[in-house]
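In full-length UniProt numbering, the protein residues as written are 1 to 280.
The following block contains the structure:
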């Protein structure tokens with residue numbers, strides 16, 4: 001019965017022969033489910049075990065939405081200035097340069113035109129990885145120009161929001177983007193060109209108070225945090241405890257501020273159907 005006994009004690013593999021698992025091969029959801037990143041990508045970055053929607057950026061959304069991931073990016077080289085010579089723990093210009101180097105992004109939004117299920121569409125998508133997806137002058141200008149492209153070519157516009165709100169380093173310049181984008185969307189409405197606003201986790205602050213909530217259709221991903229001020233600030237202001245699930249996409253829909261919540265795996269097909277309905 002020696003066939004099941006170990007003849008040599010200990011592990012004989014030398015340190016240099018050991019192989020470590022590369023970082024980034026697996027993803028663990030908040031509920032503890034583990035999924036290979038390759039499977040996660042093929043599942044639109046949603047864990048099939050618990051339907052957890054992993055936070056993604058413009059690169060991934062463009063892959064999901066544009067046919068064959070083919071699109072023409074708009075105003076891709078636009079970079080923030082420093083109108084206020086702002087300095088906190090470091091100069092604003094240094095922070096911008098460091099973030100560009102780290103993320104490979106020029107600012108917190110990318111815009112592009114392409115086809116979604118054979119239909120022309122302009123998409124502007126925010127990236128939370130760029131200074132918390134904050135709304136500065138470049139974000140407002142790129143969204144305004146994307147809307148101009150929709151107006152000029154009579155193409156529906158999709159805005160995917162993911163933001164911590166206005167960018168404090170630009171102060172009033174940042175807040176003015178709320179008015180600018182809202183005015184551009186009013187022109188889109190006058191031209192009767194569809195505008196779909198998609199809110200993802202998180203969508204807060206001045207973004208929620210402007211273009212994120214002005215869609216002909218306001219939609220969201222499951223479980224997304226949607227609100228203006230944070231729960232703690234609201235609780236201290238009104239002096240009351242907040243309802244369970246407050247500021248979740250489901251709570252916001254229940255109170256009439258969203259048209260529907262869509263699983264990311266069905267996002268492209270639902271948008272395609274919606275765009276075809278709006279044409280008629």
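C-beta atoms are modelled at their ideal positions from N, C-alpha and C, and glycine is treated no differently.
Original post:
If you follow the beta strand (DSSP E) that residue 162 is part of, which residue opens it and which one closes it?
Top reply: Where residue 162 is concerned, the enclosing beta strand (DSSP E) starts and stops at 157 to 163.
Original post:
So, are the CB atoms of residue 210 and residue 167 less than 8 Å apart?
Top reply: no
Original post:
Counting pairs of beta carbons, one from the segment 221 to 229 and one from the segment 255 to 267, are three or more of them closer than 8 Å?
Top reply: yes
**OP:** Enumerate, from N- to C-terminal direction, the unbroken beta strand (DSSP E) stretches of 3 or more residues contained entirely within the segment 127 to 152.
**Re:** none
Original post:
What residue from 226, 149, 274 has the CA that sits closest to residue 188's CA?
Top reply: 149
Original post:
Given 8 Å as the limit, is there contact between the segment 114 to 133 and the segment 153 to 172, that is, 3 or more CB pairs closer than that?
Top reply: In short, these stretches touch, since the Cβ pair count reaches three.
**OP:** Return the first residue and the last residue of the beta strand (DSSP E) that residue 252 is part of.
**Re:** Unbroken run through residue 252 is the alpha helix (DSSP H), 249 to 254; no beta strand (DSSP E).
Original post:
Given that a residue counts as buried once 16 or more other Cβ atoms are within 10 Å of its Cβ, and exposed if not, what is residue 48?
Top reply: exposed
Original post:
Does the segment 103 to 121 touch the segment 65 to 77, meaning 3 or more C-beta pairs lie closer than 8 Å?
Top reply: yes
Original post:
Would DSSP call residue 21 helix, strand or coil?
Top reply: No answer about residue 21 holds up, because its pLDDT of 49 lies below 50 and its placement is not dependable.
Original post:
Taking three-plus beta-carbon pairs below 8 Å as touching, is the segment 233 to 242 in contact with the segment 86 to 93?
Top reply: With the cut-off at 8 Å, the segment 233 to 242 and the segment 86 to 93 do not touch.
Original post:
Leaving out five residues before and five after residue 218 in sequence, what residues of the same chain have Cβ atoms less than 6 Å from its Cβ?
Top reply: 197, 258, 259
Subject >> Rounded straight-line distance, which links the Cα of residue 178 to that of residue 129 >> reply: 21 Å
**OP:** Decide if residue 50 is buried, meaning its Cβ has at least 16 other Cβ atoms within 10 Å, or exposed.
**Re:** Exposed, by the Cβ-count rule.
**OP:** Tell me whether residue 201 sits in a helix, a strand or coil according to DSSP, three-state version.
**Re:** Residue state, collapsed to three classes: strand.
Original post:
Ordered along the chain, which non-local residues of its own chain (more than five positions away) have a Cβ less than 8 Å from that of residue 268?
Top reply: 64, 65, 116, 117
**OP:** Buried or exposed for residue 21, please, with buried defined as at least 16 other CB atoms from any protein chain shown within 10 angstroms of its CB.
**Re:** Here residue 21 scores only 49 on pLDDT, less than 50, and its place in the model should not be relied on; the value that follows carries that caveat. By the 10 Å Cβ count, residue 21 comes out exposed.
**OP:** Please go through the segment 34 to 60 and give each complete beta strand (DSSP E) segment of 3 or more residues, from N-terminal end onward.
**Re:** 34 to 36
Original post:
Does the distance from the CB of residue 112 to the CB of residue 62 come in under 8 Å?
Top reply: Yes, they are a contact pair.
Original post:
Between the beta-carbon of residue 137 and the beta-carbon of residue 212, is there less than 8 Å?
Top reply: Cβ distance not < 8 Å, so residue 137 and residue 212 don't count as in contact.
Original post:
By Cβ distance below 7 Å, which residues in the same chain neighbour residue 206 in space, the five residues on each side in sequence not counted?
Top reply: So the qualifying residues of the chain are 135, 165, 166, 175, 178.
**OP:** With a threshold of 16 other CB atoms inside 10 Å of the CB of residue 335, please say whether the residue is buried or exposed.
**Re:** One cannot answer for residue 335 here, as it falls past the ends of the chain, which runs 1 to 280.
Subject >> Whole-number beta carbon distance between residue 163 and residue 203, since they are thought to touch under 8 Å >> reply: 6 Å
Original post:
Candidates 233, 99, 52: which alpha carbon is nearest residue 32's?
Top reply: 52
**OP:** Provide the residue(s) that pair with residue 115 in DSSP beta bridges, ordered along the chain.
**Re:** Under DSSP, residue 115 forms a beta bridge with 120.
**OP:** Return helix, strand or coil for residue 64, following the three-state DSSP convention.
**Re:** Assignment of residue 64 by DSSP, reduced to helix, strand and coil, places it in the helix class.
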